[in-house]
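Enquirer: Please find one structure pasted underneath; my questions will follow.
Residue numbers (this note's numbering), protein chains in the order written: chain Z, 3 to 279; chain U, 3 to 279.
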């Protein structure tokens, strides 16, 4: 988001995939781990070690469940590694709580329903500044004047002894965007109120509907169940993912979900999903 | 070796690479970990977890330094994983010791010289059975007769009331093969006596000779130093590996080593090196 890069979960090989997709791991300043099943964090120790070996000195903030710091500390102890950068660890609980606030956004946890402690993450952009309306703007304004306009101030035109109101020269801030990441979880309506109206929802869909019982047993969801949550929460767009390796062809996931919630896409390794400005 | 598959060290992504190179991880029954730097074991928890999820029930034997079992137990504790198969852990020390003996081979550790505890592994085939000499063999022998011949027994031909001596019908067993894996280590002549005369030596060569001081500081070796060990130990063939990522072109490793020890090859990701029967 803007110049900030966030990493959510970090399975084995994540550092190689970041490299393969030309994403610079060094730009990441916040890493969020949903739960301690290996497919969600076995790449973390490798990524943190490589950042260390590549000379990172900037602080890194890590958010994850109890146990994660113990696992990392044990690994670093036996490899006799003293990180060259500060790694701040925020231990998460199985409750809804705000965990990060920057100038641009807030992040809070979303309690999910999995076999072990597991939380999703809800990113909410803050309301930005007013936007300059190029159609009504007088020429030759200074940077100072433009900044004041974005902050909602009026403009005083000394030459003509005239006040332009802010409403004349600016447009309202664009609507703040929001993204909810919900994996892994069984079908869990408790999350609906919290994620209501988000622009983008990633919801796991490990199984198709023929495996609904297996989904319940293993605290996973079907594509239809993910779509039902998207519909109940009136989200803008649904992204499916976390498909069981038993399925070769992913198109039935999209078909099943679309019968319940039309604006659905499949997440595919290496593909970007852009939230429009 | 024969029907036995051994895995030596297990860096991040090892399970994906086994899959990519069509090696069945399920066939591995012994895993050896030299030391606890991440590039040698960060793929282990993922491999062990995948074997579990894929339904393995056969025992697996793991050999590694102190700390490895604690790391794995901590990870399995927080993921609430109870392996479906028995994982036997043999804790290694910084000494030379026999750690495995089967019908076919023995394995012992090779103390190396690295920043943390680190041992290599020496595989020695046992002397096999005598081999049938097809050129002198009478026709139509039973499986029982053939097995007795391989065990060194003579053959009694009842029809002709004649004894064929074992020497007439068999060839001596082929020479037992041996393989030493030595990584990671600084230049360390102490290992020479132990690995003397092995058919195949894998010796790390992290650096070229221009970085000899850096090699010493970091307890790694140069290609020339690896070749010097190969020469002192009169091994059959030397395999180089563990190249620093600073080098794009690996051919200078081979050139430098060959100035000291001719029968050298580069290990390349995904390539097989076969010890002739």
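By construction, the Cβ of each residue, glycine as well, lies at the ideal position given by its N, Cα and C atoms.
For the alpha helix (DSSP H) containing residue 324 of chain Z, list its first residue and its last residue.
Expert: Nothing can be reported for residue 324 of chain Z: it is not among the residues displayed for chain Z, which extend from 3 to 279.
Enquirer: Are the segment 23-38 of chain U and the segment 8-21 of chain Z touching by the rule of at least three beta carbon pairs closer than 8 Å?
Expert: No: the two stretches stay apart, fewer than three of their Cβ pairs being nearer than 8 Å.
Enquirer: Since residue 5 of chain U meets chain Z, which of its residues come closer than 9 Å, beta carbon to beta carbon?
Expert: Here residue 5 of chain U is taken as the residue at index 3 of the second chain, counted from 1. The premise fails here: residue 5 of chain U is roughly 27 Å from chain Z at the closest Cβ pair, so nothing lies under 9 Å.
Enquirer: Does the segment 220-228 of chain Z come close enough to the segment 181-193 of chain Z that 3 or more CB-CB pairs lie under 8 Å?
Expert: As far as the Cβ criterion goes, the segment 181-193 of chain Z touches the segment 220-228 of chain Z, which means the pair count is three or higher.
Enquirer: Which of the three DSSP states, helix, strand or coil, is assigned to residue 112 of chain Z?
Expert: The residue you call residue 112 of chain Z lines up with position 110 of the first chain. Residue 112 of chain Z: strand per DSSP, three-state reduction.
Enquirer: Check residue 218 of chain Z in the structure and name its three-state DSSP category.
Expert: Within the first chain, numbered from 1, the residue matching residue 218 of chain Z stands at position 216. Residue 218 of chain Z: helix per DSSP, three-state reduction.
Enquirer: Which complete alpha helix (DSSP H) runs does the segment 7-31 of chain U hold, if anything under 4 residues is left out?
Expert: DSSP runs (the alpha helix (DSSP H)) wholly in the segment 7-31 of chain U: 16-22.
Enquirer: Got a sec, what are the start and stop residues for the beta strand (DSSP E) residue 160 of chain Z sits in?
Expert: As a first step, residue 160 of chain Z must be located in the first chain, where it is residue number 158. No beta strand (DSSP E) contains residue 160 of chain Z, which DSSP labels as neither H nor E.
Enquirer: Terminal residues of the continuous alpha helix (DSSP H) containing residue 40 of chain Z?
Expert: As a first step, residue 40 of chain Z must be located in the first chain, where it is residue number 38. Looking at the DSSP string, residue 40 of chain Z is not in any alpha helix (DSSP H), and its letter there is neither H nor E.
Enquirer: Are there three or more Cβ pairs, one per stretch, closer than 8 Å when the segment 84-92 of chain Z is compared with the segment 36-49 of chain Z?
Expert: Counting Cβ pairs under 8 Å, fewer than three are found: no touch.
Enquirer: So which residues of chain U does residue 27 of chain Z contact, with C-beta pairs closer than 9 Å?
Expert: Here residue 27 of chain Z refers to the residue found at position 25 when the first chain is read from its first residue. None at all; the shortest Cβ gap to chain U is about 13 Å.
Enquirer: Which residues bound the beta strand (DSSP E) around residue 100 of chain U?
Expert: The residue you call residue 100 of chain U lines up with position 98 of the second chain. It spans 100-103 - the beta strand (DSSP E) in which residue 100 of chain U sits, taken as one unbroken run.
Enquirer: For residue 76 of chain Z, report the span of its alpha helix (DSSP H) as first-last.
Expert: In the first chain, counting from the first residue as 1, residue 76 of chain Z sits at position 74. Element bounds for residue 76 of chain Z: 70-80.
Enquirer: From the DSSP output, in three-state form, read off residue 123 of chain Z for me.
Expert: Numbered from 1 along the first chain, position 121 holds the residue referred to as residue 123 of chain Z. Here residue 123 of chain Z sits in strand by DSSP.
Enquirer: Label residue 122 of chain Z either buried or exposed according to how many other C-beta atoms from any shown protein chain fall within 10 Å of its C-beta, with 16 as the threshold for buried.
Expert: Translated into the one-based positions of the first chain, residue 122 of chain Z becomes position 120. Buried is the call here.
Enquirer: How about residue 235 of chain U and residue 203 of chain U: are their beta carbons less than 9 Å apart?
Expert: Within the second chain, numbered from 1, the residue matching residue 235 of chain U stands at position 233. Within the second chain, numbered from 1, the residue matching residue 203 of chain U stands at position 201. Taking 9 Å as the Cβ cut-off, residue 235 of chain U and residue 203 of chain U qualify as a contacting pair.
Enquirer: Counting contacts by CB-CB distance shorter than 9 Å, is residue 44 of chain Z in contact with chain U?
Expert: The residue you call residue 44 of chain Z lines up with position 42 of the first chain. Judged by the 9 Å Cβ criterion, residue 44 of chain Z is in contact with chain U.
Enquirer: Starting from residue 66 of chain Z, trace the beta strand (DSSP E) both ways and give me its first and last residue.
Expert: Position 64 of the first chain, counting from 1, holds the residue named residue 66 of chain Z. Residue 66 of chain Z -> beta strand (DSSP E) spans 62-66.
Enquirer: Check the Cβ-Cβ distances between residue 82 of chain U and every residue of chain Z, and say whether any is below 9 Å.
Expert: What you label residue 82 of chain U is simply residue 80 of the second chain in a count that begins at 1. Judged by the 9 Å Cβ criterion, residue 82 of chain U is in contact with chain Z.
Enquirer: For the segment 9-42 of chain Z, list every residue whose C-beta sits within 7 Å of some C-beta in chain U, in sequence order.
Expert: Listed in sequence order: 14, 15, 18, 38, 39, 40.
Enquirer: Skipping 5 residues on each side, what residues in its chain have a beta carbon closer than 6 Å to that of residue 71 of chain Z?
Expert: As a first step, residue 71 of chain Z must be located in the first chain, where it is residue number 69. 91.
Enquirer: CA-CA distance, residue 165 of chain U and residue 156 of chain U?
Expert: Taking the second chain and counting its residues from 1, the one referred to as residue 165 of chain U is at position 163. Taking the second chain and counting its residues from 1, the one referred to as residue 156 of chain U is at position 154. For residue 165 of chain U and residue 156 of chain U, the distance between alpha carbons rounds to 7 Å.
Enquirer: Mind listing the chain Z neighbours of residue 118 of chain U? Cutoff is C-beta to C-beta under 7 Å, in chain order.
Expert: For the purposes of this step, residue 118 of chain U is identified with residue 116 of the second chain, where counting begins at 1. Near residue 118 of chain U (Cβ distances below 7 Å), the residues of chain Z are 81, 82.
Enquirer: Tell me whether residue 149 of chain Z sits in a helix, a strand or coil according to DSSP, three-state version.
Expert: Looking up residue 149 of chain Z in the first chain gives position 147. Helix at residue 149 of chain Z.
Enquirer: With DSSP as the reference, please indicate the residues paired to residue 206 of chain U in a beta bridge.
Expert: Along the second chain, one-based indexing puts residue 206 of chain U at 204. DSSP output for residue 206 of chain U lists U/243 as bridge partner(s).
Enquirer: Assuming the contact rule is C-beta atoms closer than 8 Å, residue 78 of chain U and residue 107 of chain U should be a hit. Round their C-beta distance to whole Å, please.
Expert: Taking the first residue of the second chain as position 1, residue 78 of chain U is located at position 76. Taking the first residue of the second chain as position 1, residue 107 of chain U is located at position 105. Rounded, the Cβ-Cβ distance is 30 Å, inconsistent with contact.
Enquirer: Over what stretch of residues does the alpha helix (DSSP H) that includes residue 255 of chain Z continue unbroken?
Expert: Stepping through the first chain from its first residue, residue 255 of chain Z is reached at position 253. Segment 253-260, the alpha helix (DSSP H) holding residue 255 of chain Z.
Enquirer: With a threshold of 6 Å on Cβ separation, who are the neighbours of residue 8 of chain U within its own chain once the five nearest residues in sequence on each side are excluded?
Expert: If you number the second chain from 1, residue 8 of chain U lands on position 6. For residue 8 of chain U, where only same-chain residues beyond five positions count, the Cβ hits under 6 Å are 32.
Enquirer: Taking Cβ positions, are residue 75 of chain U and residue 38 of chain U nearer each other than 9 Å?
Expert: For the purposes of this step, residue 75 of chain U is taken as residue 73 along the second chain, with counting starting at 1. For the purposes of this step, residue 38 of chain U is taken as residue 36 along the second chain, with counting starting at 1. Contact flag unset, no.
Enquirer: Which one of U/258, U/265, U/93 has the shortest CA to CA distance from residue 209 of chain U?
Expert: Your numbering for residue 209 of chain U matches position 207 in the second chain. Nearest C-alpha to residue 209 of chain U: U/258.
Enquirer: Is the number of C-beta pairs between the segment 128-146 of chain U and the segment 267-277 of chain Z that are closer than 8 Å three or more?
Expert: Taking 8 Å as the limit for Cβ pairs, the verdict is that the segment 267-277 of chain Z does not touch the segment 128-146 of chain U.
Enquirer: In chain U, what lies closer than 8 Å to residue 73 of chain Z by C-beta?
Expert: Here residue 73 of chain Z corresponds to residue number 71 of the first chain, with the count starting at 1. Per Cβ cutoff of 8 Å: 73, 76, 77, 80.
Enquirer: Going by DSSP, what residues sit across from residue 171 of chain U in a beta bridge?
Expert: In the second chain, counting from the first residue as 1, residue 171 of chain U sits at position 169. Residue 171 of chain U is not bridged to any residue.
Enquirer: Would DSSP call residue 51 of chain Z helix, strand or coil?
Expert: Your numbering for residue 51 of chain Z matches position 49 in the first chain. Helix at residue 51 of chain Z.
Enquirer: Would you report the Cα separation of residue 168 of chain Z and residue 154 of chain Z, rounded to the nearest angstrom?
Expert: As a working note, residue 168 of chain Z is residue 166 in the first chain. As a working note, residue 154 of chain Z is residue 152 in the first chain. Straight-line Cα distance between these residues: approximately 6 Å.
Enquirer: How many whole angstroms separate the CB atoms of residue 81 of chain U and residue 40 of chain Z, which I take to be in contact at a CB cut-off of 8 Å?
Expert: In the second chain, the residue the question calls residue 81 of chain U occupies position 79. In the first chain, the residue the question calls residue 40 of chain Z occupies position 38. Yes, they are in contact, since the Cβ atoms of residue 81 of chain U and residue 40 of chain Z sit about 6 Å apart, within 8 Å.
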